[in-house]
Amino acid sequence: MTMPQAAPKAVSVKHAVHHAEDMIQLKRVVKTYKNAAGEFIVLKGVDLTIRRGQFVAIVGKSGSGKSTLLNMITGIDHPTGGKVVVNNMDIYSVSESERSLWRGRNLGIVFQFFQLLPMLTLLENVMLPMDYVNHHDFEERPKRAMELLEMVGLADQAHKLPLAVSTGQQQMTAIARALATDAPLLVADEPTGNLDSKTANHIIDVFDELVRRGKTIVMVTHDPSLTARVTRTIIISDGELIDEAVAKSLPLLRHRHMLEITKQAKRLTVQPGEIILDLGKPVENLYIISSGTVNVEKKNGKAREVISHLKAGEFFGEIELLRGGRAIADVRAGHQPVELLAFPREDFLRIVEESPITAEALGRIVQDRLKEHSVSVKVKSTKVEKEKKKVESGKSRTQKTKGELKNVKIKTPGAKSKAKNIKPIKKTTRSKTVKRKA
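Numbered by numbering that gives the first Met the number 0, the letters in the sequence shown go through residues 0 to 437 in order.
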């Protein structure tokens with residue numbers, strides 16, 4: 000499915016101007032309930048953007064606000080404050096009847112308990128949304144409904160009543176019904192909550208295929224095993240969203256600790272190539288990468304050697320905070336600006352103390368990184384030693400050669416043979432020579 004790339008046109012008061020790639024946009028959404036016991040705030044100024052074509056899981060403990068958040072997106076409930084824009088429409092700026100009609104054309108909803116009408120066949124249940132919003136010609140609706148049931152593997156069950164099929168088949172029928180009007184957005188509230196693991200995996204397979212075809216899916220779930228198969232996982236705790244980088248980097252933390260880091264961490268933007276940690280200098284924060292990459296470096300003379308690269312959803316500074324407080328390497332921003340969350344040392348150490356599982360996991364990470372660091376240093380040291388040995392070996396050979404040259408007597412070729420042919424000169428005195436003449 001090709002997404003529109005043109006800039007959004009100016010729209011009326013009933014619409015919001017936002018990026019064309021955004022399917023859902025919540026801005027400072029608040030939801031408050033009042034009862035005899037007083038006022039209860041379920042959503043506390045939620046900001047959320049979901050892009051077209053994403054498969055998103057919303058997770059959180061019971062009472063955290065998951066279902067309420069989903070109701071804000073679908074227009075089933077009304078926010079106390081804030082704005083909700085879905086598929087280019089400010090859905091709470093219109094009347095209830097207009098919103099209901101809009102929902103039928105733009106949303107497909109899958110409920111935890113299926114919500115199939117028991118007196119209608121599976122085929123008739125799937126056709127129902129088409130009748131409500133007048134989608135497809137009347138004669139085409141049975142054919143389209145049968146195609147959807149065939150897609151979820153229920154064509155042979157089409158004329159049975161819901162109670163005559165399994166719970167898994169009822170949920171598949173609910174998914175087919177949610178697709179009846181070819182809505183771009185599918186919202187599912189615990190779609191696998193009442194199913195066995197095999198059927199649950201089959202439903203996620205169907206969702207995966209729908210995402211490949213261009214649909215956007217938002218799913219509330221309690222099953223952590225399903226989050227591994229989605230594009231994004233959004234955690235909500237006590238009516239507030241946890242920063243996704245925090246949740247990804249420290250997944251074993253309690254949600255309340257994740258939320259604390261999200262709310263208290265200082266947000267920084269570091270320009271490309273800029274130093275974040277300086278070798279030997281004190282480290283006062285745990286740094287979590289929100290976007291971009293950083294390089295961990297060691298100095299090698301005048302040059303710098305990159306030990307490792309860290310990306311969004313990873314962290315650094317934990318070694319220094321847990322062991323001494325001074326940087327054991329340089330850390331600098333990569334080729335693009337880096338968004339960081341800086342969490343103070345004292346608060347980090349307190350949270351680690353309160354979360355033994357996280358402390359154990361961090362201990363393993365520290366050991367692995369120290370090992371990686373020492374291996375890098377060892378490799379570099381080994382290279383230096385090899386070069387040093389080569390130089391020393393060269394010097395030894397040179398000295399040996401010089402010593403040998405000192406003991407060598409240089410002989411001129413043929414000198415010995417010439418000496419044999421030279422007769423010794425006889426010495427005579429002057430007096431003998433004079434006498435002989437006389």
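Virtual Cβ for every residue (Gly too), placed ideally from N, Cα, C.
Nothing here was measured: the structure is a model prediction, and the numbers come from that model.
Proximity to residue 66 across 87, 187, 166 peaks at 187, based on C-alpha coordinates. Distance from the CA atom of residue 257 to the CA atom of residue 241, rounded to whole angstroms, is 6 Å. Residue pairing by DSSP places residue 285 opposite 342 in a beta bridge. C-alpha of residue 161 to C-alpha of residue 307: approximately 56 Å in a straight line. If you draw a straight line from the Cα of residue 94 to the Cα of residue 85, it is about 15 Å long.
According to the DSSP assignment, residue 210 belongs to the alpha helix (DSSP H) that extends over 196-211. Assignment of residue 217 by DSSP, reduced to helix, strand and coil, places it in the strand class.
Counting only residues of its own chain and dropping the five nearest sequence neighbours on each side, residue 268 has a CB closer than 8 Å to the CB of 336, 337, 338, 339.
Counting along the chain, residue 125 sits inside the alpha helix (DSSP H) bounded by residues 121-132. Residue 154 carries a helical assignment under DSSP once its states are collapsed to helix, strand and coil. By the neighbour-count criterion, in which 16 or more other beta carbons inside 10 Å mark a residue as buried, residue 103 falls on the buried side. Under the 10 Å beta carbon count, residue 206 is surrounded by 16 or more other beta carbons and is classified as buried.
Inter-residue distance for residue 70 and residue 345 is about 39 Å (C-alpha atoms, whole angstroms).
Closest by C-alpha distance to residue 329, out of 361, 120, 276, 96, is 276.
Comparing C-alpha distances from residue 48 to each of 72, 252, 149 shows the shortest one belongs to 72. Taking C-alpha positions only, residue 272 is separated from residue 369 by approximately 24 Å. Boundaries for residue 262: no beta strand (DSSP E) harbours it, while the alpha helix (DSSP H) harbouring it runs 254-263, taken from the DSSP string.
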